[in-house]
Each structure stands twice: as structure tokens, then as C-alpha cells.
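Below, the structure written as C-alpha cells:
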């Protein structure tokens, strides 16, 4: 695994816990590295060596009173799927705006309870997915017929006979097909990376059912503005620049996205919500003839799931807090904000 292209690498392998292993034994390490490189002439330097264990740990709660935990303190798992740092950053992204609002007196302290309610299920999902992926990687050598304890010669024999015209080889090829398909869950798990949704917490239900992905939810990312989902990316234009919908939300603000015919009613509702809660809502009109935000490719129109004058209310962490199909529901916005902020 490359760390600094192309001169610093990590070499990892599984050790037998029943056999003693000393990470300071340079002769063993050098033999392993030589085998990984594949020749005896390439010079290298071993910077460090350590032993670590595969973890399958997740906390059911992230808050206890005034103590809030995140990152490796609440979820530990193998590096498969590459979600460790991503998940930890998402924890912080979820908590930061809530903590700021509570400390500034703009939200009730119970808003902090939504941090655990939202993030703990995601932490568990990540831990389970990473561990499943780790073990699913073993399906490939198993399908080929490679098992622990085989000699190098026996392993090559299993590889070289994989293409034979025999029932046994055909069965192994079929098993290999299925094993390769499993790797999608490790290398193409966009649903895990972007598709998670907060089903409870700082969200207000709009009365619509949660959308069902067209395939396995770990793999299939389905863009949706269903409350609790991450705001979908869509290319739009800001002046003469192409930007993402994700570029016009966040930055510590609640943002309300609407379209043609929605500007006036939703700005009035946002002002009423500010008077009730003290929290400013930035209103953006996308796709109008007079506004700065245009939708020339109709990408936002394709994913917004509300009418032209409807609205999507987005939290400071870019997750959808609430949505309204039409401007007829604009009068609900002050109460929605009060509910979100636990006021």
C-alpha cells in the first residue's frame, strides 16, 4: 500500500496468533518485504514495524452527560473500505454545528442527543461493513483453491489448472466469479460512503416513505432529498462559475433551496422563523431567470424531488433537515426550525 508515491510503502500480512512473532526481528521482516517486492536487488529501508489486531468494536451511545465521544473512541475496525478517517470526520462534522448552536444559546441542549442518535448507527454500519469486506477478500483465494499451509508449488498448481476443461476447474471458476462480485462491497461501496441517512435525530419528517435503492444499499447510492439524507450533488452555475449544490450550503448556516415562484413565500417564512428562533436561514433560488444560481443542465431539477416553488431545508452539515413539496407549506417553517433546534 503506497503512502508517499512512490518511495514509501506499507507492507501488511496476517500472522498466526499461535506462533510468536517479534516485529523487531529484521531478518523476518526483510524476507517478507523481499517476497512482496518480487526481487532481491531492489534496495529498501524498514522505517518501523508493529503488530495490530483487527477490531470489531462500536459504541451504542456517543454521549453521556457533558461527555461526547467521536472517532476511534467509538468505532474501531480494519482499514478495508477505507472509511476510518472519513467516518471520524463525519462525526465531527455532525457534532460541531450542534455544539456551536447550543453554546450560543440558539438551540436546546437536547439537540446534542441527536448526535448519538444519528451517528451511532452509522458507526455500527461502518464497523460491520469493514469486517465483512475483510473476510470477503478471502473468498478469492478460497475459490481458486488456495488454503493455508499449502506450499508455493501447490498454490501455483491451483492457479495454473484454473483454466482446465474439467468439472472441478469449472466449479472453481464459477466460485471465483461470485468471489470477484463480492469485492464490489469493498471497492465500490458508494452507498456506504455517501448514501447513509439519519432516520432519527435533527430532522423533521415530510410524510413520504424512505426511498429504496435499486440494488444493495451498501453499493448503490441513491440521490434523494428525503429528510436525513445528504444533500445530493448537482452541477449548477453561480454567475459564470460552475459549482456544486454542496458548495452553496454549509458554512455554519441553515440554507433553504427553492426555485421559480418560491423566493417570496420562502423568504417571508425564513424571516418568521428567524423571529421565532433567532437563527438566520439563507434562501437560495435555483433555476430562476433573475437569480444568480442557474440550473442549465437540469441536474438539480432531476434530484430535488420537490416542485419549482417547493423547498429543501439543509442543515449546516449538508444533510437535509426537512423539505416541502410546494410553497403552500411555507407557513410550517418556523415550527419546523423550532422542532429541529429543540426550542
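In the working numbering, the protein residues as written are 127 to 469. Heads up, the beta-carbon is just placed ideally off N, CA and C, and yes, glycines get one too.
{"Asked": "So for residue 345, helix, strand or coil by DSSP?", "Found": "coil"}
{"Asked": "With a threshold of 8 Å on Cβ separation, who are the neighbours of residue 224 within its own chain once the five nearest residues in sequence on each side are excluded?", "Found": "233, 237, 238, 240, 241 and 328"}
{"Asked": "On the premise that residue 383 lies in contact with residue 412, defined as a C-beta separation below 8 Å, what is that separation, rounded to the nearest angstrom?", "Found": "6 Å"}
{"Asked": "Out of 387, 246 and 206, state which residue places its alpha-carbon closest to the alpha-carbon of residue 322.", "Found": "246"}
{"Asked": "Sort out for me which residues DSSP pairs residue 426 with in a bridge.", "Found": "In the DSSP output, where bridge partners are listed per residue, residue 426 has none listed."}
{"Asked": "Identify whether residue 469 lies in helix, strand or coil by the three-state DSSP scheme.", "Found": "coil"}
{"Asked": "So for residue 145, helix, strand or coil by DSSP?", "Found": "coil"}
{"Asked": "Measure the C-alpha to C-alpha separation of residue 129 and residue 155 and round it to an integer number of angstroms.", "Found": "18 Å"}
{"Asked": "Pick helix, strand or coil for residue 449, following the three-state DSSP scheme.", "Found": "strand"}
{"Asked": "Report the residue from 402, 164 and 324 whose alpha carbon sits nearest the alpha carbon of residue 448.", "Found": "324"}
{"Asked": "Consult DSSP for residue 437 and reduce its assignment to one of helix, strand or coil.", "Found": "strand"}
{"Asked": "Heavy atom of the ligand COA less than 6 Å from the Cβ of residue 353, yes or no?", "Found": "No copy of the ligand COA appears in this structure; indeed no ligand is present at all."}
{"Asked": "State the start and end residues of the unbroken beta strand (DSSP E) segment that holds residue 253.", "Found": "Unbroken run through residue 253 is the alpha helix (DSSP H), 239 to 263; no beta strand (DSSP E)."}
{"Asked": "Report all residues from its chain with a CB closer than 6 Å to the CB of residue 391; omit the five preceding and five following residues, and keep chain order.", "Found": "453 and 456"}
{"Asked": "Name the DSSP bridge partner or partners of residue 184?", "Found": "201"}
{"Asked": "Along the chain, where does the beta strand (DSSP E) containing residue 411 start, and where does it finish?", "Found": "407 to 411"}
{"Asked": "Under 7 Å Cβ to Cβ from residue 315, same chain only, skipping five residues before and after it: list those, please.", "Found": "207, 255, 344 and 345"}
{"Asked": "Based on the DSSP secondary-structure assignment, which residues constitute the bridge partners of residue 370?", "Found": "361"}
{"Asked": "Out of curiosity, what's the CA-to-CA distance linking residue 381 and residue 339?", "Found": "26 Å"}
{"Asked": "Going by beta-carbon coordinates alone, are residue 188 and residue 177 separated by less than 7 Å?", "Found": "no"}
{"Asked": "When you compare the CB positions of residue 308 and residue 262, do they come within less than 7 Å of one another, or not?", "Found": "yes"}
{"Asked": "List the residues that DSSP assigns as beta-bridge partners of residue 189.", "Found": "194"}
{"Asked": "In this structure, what does DSSP give as the bridge partners for residue 380?", "Found": "407"}
{"Asked": "Taking a contact to mean a Cβ-Cβ separation below 7 Å, would you say residue 353 touches residue 332 in this structure?", "Found": "yes"}
{"Asked": "So what's residue 352 in DSSP terms, helix, strand or just coil?", "Found": "coil"}
{"Asked": "Residues in the same chain with beta-carbon distance under 8 Å from residue 159, minus the five sequence neighbours each way, listed in chain order, please.", "Found": "137, 170 and 172"}
{"Asked": "Can you tell me where the alpha helix (DSSP H) holding residue 334 begins and where it ends?", "Found": "Unbroken run through residue 334: none, as it is neither H nor E."}
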